[in-house]
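Going down the list, the protein sequences come from chains A and B. Numbers in my numbering are just positions in the first sequence, counted from 1, shifted up by 175. Numbers in my numbering are just positions in the second sequence, counted from 1, shifted up by 233. Think of the CB as a built atom: it goes at the ideal place given N, C-alpha and C, for glycine as much as any other residue. This report concerns only the one structure given below.
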Amino acid sequence: MYRVNMRKMEDNQSGVISAVRVGGELGRRIRDMGLVPGTPVRIQGRAPLYDPVALRIRGFTLTLRNSEADHIEVEVA
Amino acid sequence: MSKITLALAGNPNAGKTTLFNELTGARQHVGNYPGVTVEKKEGVYLHDGYELHIVDLPGTYSLTAYSVEEVVARDFLVNEKPEVIVNIVDASNLERNLYLSLQFLERGIPVCIALNMIDVAKSRGIEIKSQKLSELLGVPVVPIIARSGYGKHDLMKTAARVAEEKTVQKPLQISYGDDLDRVIQEMEKEIISGNFLTDTYPARWIALKYLENDELVLSKGNAANPALSEKLTGMTRSVTAHLEDTMDTYPEALLADYRYGYIHSIVRKGVIRRKDDENRLYTSDKIDRIVTHRFLGPLIMLAVLLMLYQFTFTYSEVPVSWFEAFFSWLSDTVSTALDQGFLKSLIVSGIIDGVGGVLGFVPLIMFMFFGIAVLEDSGYFARVAFMMDRIFRIFGLHGSSVMAYILSGGIAGGCAVPGVMATRTLKSTRERMATLLTVPFMNCGAKLPLLALLTGTFFGKNKALLMFVLTLISWAGALLVAKFLRVTIIRGPATPFVMELPPYRFPTFKGLAIHTWERTWQYIQKAGTVILGISVIIWAMMTFPELSEKEIQRFEHQQETLQISLDAAISPSEAGHIRKQLQDIDSQEAKERLRNSVAGRIGTFMERVTKFAGFDWRINIALLGGFAAKEVVVSTLGTAYSLGEADAEAAKSLSETLAKSPSWSPLVALSLIIFTMFYAPCFVAVVCIIREAGSWKWGLFSMVFNTLLAFTLAVIVFQLGSLMGY
Numbered sequence: 176m177y178r179v180n181m182r183k184m185e186d187n188q189s190g191v192i193s194a195v196r197v198g199g200e201l202g203r204r205i206r207d208m209g210l211v212p213g214t215p216v217r218i219q220g221r222a223p224l225y226d227p228v229a230l231r232i233r234g235f236t237l238t239l240r241n242s243e244a245d246h247i248e249v250e251v252a
Numbered sequence: 234m235s236k237i238t239l240a241l242a243g244n245p246n247a248g249k250t251t252l253f254n255e256l257t258g259a260r261q262h263v264g265n266y267p268g269v270t271v272e273k274k275e276g277v278y279l280h281d282g283y284e285l286h287i288v289d290l291p292g293t294y295s296l297t298a299y300s301v302e303e304v305v306a307r308d309f310l311v312n313e314k315p316e317v318i319v320n321i322v323d324a325s326n327l328e329r330n331l332y333l334s335l336q337f338l339e340r341g342i343p344v345c346i347a348l349n350m351i352d353v354a355k356s357r358g359i360e361i362k363s364q365k366l367s368e369l370l371g372v373p374v375v376p377i378i379a380r381s382g383y384g385k386h387d388l389m390k391t392a393a394r395v396a397e398e399k400t401v402q403k404p405l406q407i408s409y410g411d412d413l414d415r416v417i418q419e420m421e422k423e424i425i426s427g428n429f430l431t432d433t434y435p436a437r438w439i440a441l442k443y444l445e446n447d448e449l450v451l452s453k454g455n456a457a458n459p460a461l462s463e464k465l466t467g468m469t470r471s472v473t474a475h476l477e478d479t480m481d482t483y484p485e486a487l488l489a490d491y492r493y494g495y496i497h498s499i500v501r502k503g504v505i506r507r508k509d510d511e512n513r514l515y516t517s518d519k520i521d522r523i524v525t526h527r528f529l530g531p532l533i534m535l536a537v538l539l540m541l542y543q544f545t546f547t548y549s550e551v552p553v554s555w556f557e558a559f560f561s562w563l564s565d566t567v568s569t570a571l572d573q574g575f576l577k578s579l580i581v582s583g584i585i586d587g588v589g590g591v592l593g594f595v596p597l598i599m600f601m602f603f604g605i606a607v608l609e610d611s612g613y614f615a616r617v618a619f620m621m622d623r624i625f626r627i628f629g630l631h632g633s634s635v636m637a638y639i640l641s642g643g644i645a646g647g648c649a650v651p652g653v654m655a656t657r658t659l660k661s662t663r664e665r666m667a668t669l670l671t672v673p674f675m676n677c678g679a680k681l682p683l684l685a686l687l688t689g690t691f692f693g694k695n696k697a698l699l700m701f702v703l704t705l706i707s708w709a710g711a712l713l714v715a716k717f718l719r720v721t722i723i724r725g726p727a728t729p730f731v732m733e734l735p736p737y738r739f740p741t742f743k744g745l746a747i748h749t750w751e752r753t754w755q756y757i758q759k760a761g762t763v764i765l766g767i768s769v770i771i772w773a774m775m776t777f778p779e780l781s782e783k784e785i786q787r788f789e790h791q792q793e794t795l796q797i798s799l800d801a802a803i804s805p806s807e808a809g810h811i812r813k814q815l816q817d818i819d820s821q822e823a824k825e826r827l828r829n830s831v832a833g834r835i836g837t838f839m840e841r842v843t844k845f846a847g848f849d850w851r852i853n854i855a856l857l858g859g860f861a862a863k864e865v866v867v868s869t870l871g872t873a874y875s876l877g878e879a880d881a882e883a884a885k886s887l888s889e890t891l892a893k894s895p896s897w898s899p900l901v902a903l904s905l906i907i908f909t910m911f912y913a914p915c916f917v918a919v920v921c922i923i924r925e926a927g928s929w930k931w932g933l934f935s936m937v938f939n940t941l942l943a944f945t946l947a948v949i950v951f952q953l954g955s956l957m958g959y
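Next up, the structure:
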């Protein structure tokens, strides 16, 4: 088990969110969507230009820009 | 009959609009929340002696103070005090949807939960025990299927009961861990003893909002009791420092963590039963594998955008021609019924042509909104934003901006009016403003006649290539100006993208029809009234003052002389010759009239400045006329070159005239092309910009800024070209 930045995760890789290190509006938006520590997440894929990234959490698909994913730390197996 | 006000709230894509349409049908009214461009929908539901007044709140994921939608929803709850909130919750996406519900419950407002899409959930192997959920949350939960209307009567009955009973909903208390719970309790005590905002909000909720640094509540608090407000912020500061030291987190983050933790614990108490893994791939995800594929995705998107374009502009041609035929019939009828004179000119040229010009857009607008509604309701729109965002972000825009640009003429031949209106699909304010101010730079269908005329006349050989280059120039111009606006007057950080890709759904016809109609009707109402006034003004500018008595007599005299010789003419060829001369005189008179009018005088006066771009008074008048509608540029040029009304046949002779005229050259043509592409939008577009931007200042801005930009570019082109010897 080790921690990686969400941007560095590969397609179809799964993990559990360990930290969301951003406040303000962006932090609020990310948390509102259910990206809080302890939540399982899987990278669903990326847009044709490799950004934004699509995730699967809590049974739905969420997209984030890479610059936004940078604030999220994920524990992967 | 008892009247009840009911607010419909929920996440975007939870089926809120579908439920609203199902409940109210045609008995709905669309307006705006005061001061903002967020749509406010209201409707009435009659049942069993109840009259339920339903207000559709904007779809939100949360109740913070970050987006306009959230602020609108919160203000509504405070100011209008609905008796009950029907919180629509997507059963196939329960945890995230309950996050909003929790915030209503903490706020202590009577809530009734509508558990929607139980059919979709079932097909995904999810079963929800609504009774159990209701027990755990302490509010009624009614399973429904909004698309089919299943459960709606039950829902309304339950909601009415909640409102009737006037049960004081005890605010939900969630534990936020030792550190926060302790400070929340202390804050609560202070708030209650100080009677601090407690008339409006529950004490605990105020404490939570102070911990979240909620700007709206903080500013209200500061106004009500600055000392206590300062004390509470101080408490927030000290607990924040403590949390950062001990747990490397802060209150706002911790609150969200605990809320989701609370939801998770509820859901696990036997509320939900899954047949398989919650993150397995559904049909929708399999479609996305293809639709957002690295290579296929962009190709499919291009095809879909072309189809939308084709649908909007080609299929609307038939109804547009009906409208045109109707208005030309109307103007013919009025023309024959009225005597020659100003009244006739006002009614025919001012009112009928002006209003007809606007109503002529109606089928186009309807088709566009229908096409957009299909893309929006099916969920494809979000995919376009997902794929295009990387490119548009560079210019300070959002992935969703692409739609507005395409419709405005990103593929030559669109229209800025639907383009500006299409920016409604953009939720982020700054990105939306930058988009709606730059879409008029695209080469809309009305600019095309002039572009075609000039490229054909002066760059005949390379016409197709040049048109392509012009399309690229308009894109480059629009994107660069957007970037410029985003670093100057609409400066500010990018709005977070964080966007849900909702599952693909088949749009319902009812939803599409209501959607299309209400937006079209808004256009007719708002645009129709203002535009009538402006077209009369433009008509007057191009009509008054009249020629002097002497001038009129001179033309009349010439006409009479020719008429006499026409009557006396013997051979048909002679008669034909004289008729031609008569027409020339008429055209001559029209030209002199135009030149003598206010518009003509402005045009002549403007020559002093416009000569730097190579424009003479004729071009100036034509461009002034182009403010009414860009098509007018060509026909006014025709009049100014005394060709009479420049219709399709006359265009050829206009082309010949321009080619021969000493005041024209390929360089002047190029300068004019650039100017036409970038100068002030036509006034229909300006009216739409004012409406969509929420302030007339933006309409004024787009007229002044665009014209200055266009003029600068035209001068650069003309002066550089002249220096290089063209």
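Can you tell me whether DSSP reads B/I505 as helix, strand or coil? strand
Quick one: residues in its chain with C-beta nearer than 8 angstroms to the C-beta of B/E878, no 5 flanking neighbours on either side, listed in chain order? Unreliable placement is indicated for B/E878, whose pLDDT of 49 sits below 50; the coordinate value is still reported in the next sentence. Within the same chain, B/E878 has close Cβ partners S868, G871, T872.
Which residue wins for smallest C-alpha separation from B/P651, given the options B/K399, B/P673, B/G410? B/P673
Starting from B/I237, follow its DSSP beta bridges and name the residues at the other end. B/L285
For the pair the stretch 184-195 of chain A and the stretch 245-252 of chain A, tell me if three or more CB-CB distances fall below 8 angstroms. yes
Show which residues of chain B have a CB atom less than 8 angstroms away from the CB atom of A/I205. P729, V731
Might you give, ordered along the chain, the residues of its own chain that have their beta carbon closer than 6 angstroms to the beta carbon of B/L449, omitting 5 neighbours on each side? A298
So what does DSSP say about B/L444, is it helix, strand or coil? helix
If you pair each beta-carbon of the stretch 544-555 of chain B with each one of the stretch 716-732 of chain B, do three or more pairs fall below 8 angstroms? no
Among B/K813, B/M839, B/L659, B/L333, whose alpha-carbon lies nearest the alpha-carbon of B/E303? B/L333
Among A/E200, A/R221, A/R204, which one has its Cα closest to the Cα of A/M181? A/R221
So that I know if they touch, is there some Cβ in chain A lying closer than 8 angstroms to that of B/G243? no
Could you have a look at A/Y177 and say whether DSSP puts it in helix, strand or coil? strand
Excluding five sequence neighbours on each side, which residues of the same chain lie with their C-beta closer than 7 angstroms to the C-beta of B/F625? H631, G632, S634, V635
Pairs of beta-carbons, one from the stretch 898-917 of chain B and one from the stretch 684-699 of chain B, closer than 8 angstroms: are there three or more? yes
I need the straight-line Cα distance from B/E445 to A/A229, nearest angstrom please. 28 angstroms
At a CB-CB cut-off below 8 angstroms, which residues of chain A make contact with B/F691? None at all; the shortest Cβ gap to chain A is about 39 angstroms.
Taking the alpha carbon of B/I359 as the point to measure from, which residue in B/Y515, B/L451, B/V937 has its own alpha carbon closest? B/Y515
With DSSP run on the structure shown, which of helix, strand or coil describes B/I644? coil
Quick one: list the residues of chain B neighbouring A/G190, beta-carbon separation under 7 angstroms, in chain order. Simply none; closest approach about 12 angstroms.
Check the Cβ of B/F614 against every Cβ in chain A and list those closer than 8 angstroms, keeping chain order. None at all; the shortest Cβ gap to chain A is about 13 angstroms.
Which value, in whole angstroms, describes the spacing of the CA atoms of B/R506 and B/S356? 13 angstroms
Would you mind sorting B/M389 into buried or exposed? The rule is 16 or more other CB atoms within 10 Å of its CB. buried
Among B/D800, B/E272, B/Y491, whose alpha-carbon lies nearest the alpha-carbon of B/G410? B/Y491
In DSSP terms, what B/A347 is bridged to: B/I321, B/V375
Within the stretch 568-635 of chain B, ranges of the alpha helix (DSSP H) (whole runs, at least 4 residues): 575-578, 586-592, 595-611, 613-627
Is A/R182 close to chain B, meaning its C-beta is less than 8 angstroms from at least one C-beta of that chain? no
In the structure shown, what three-state DSSP assignment does A/R217 receive? strand
8 angstroms Cβ cutoff, A/R240 in contact with chain B: yes
Do we get a CB-CB distance below 8 angstroms when we pair B/P404 with the residues of chain A? no
Of the choices B/D565, B/F594, B/T945, whose alpha-carbon is the least far from that of B/I580? B/D565
Between the CA atoms of B/G503 and A/P215 - distance to the nearest angstrom: 20 angstroms
At 4 residues or longer, and completely inside the stretch 836-901 of chain B: list those alpha helix (DSSP H) runs for me, N to C. 850-858, 865-873, 881-893
Among residues of its own chain, excluding the 5 on either side of B/T257, which ones have a beta-carbon nearer than 7 angstroms to its beta-carbon? G276, V277, Y278, I287
Provide the residue(s) that pair with A/T264 in DSSP beta bridges, ordered along the chain. Residue 264 of chain A falls outside the range modelled here, since chain A spans only 176 to 252, and no answer is possible.
In angstroms, rounded to a whole number, what distance separates the CA positions of B/E768 and B/M775? Sequence check: residue 768 of chain B is Ser here, not Glu. Taking the straight line from one Cα to the other gives about 11 angstroms.
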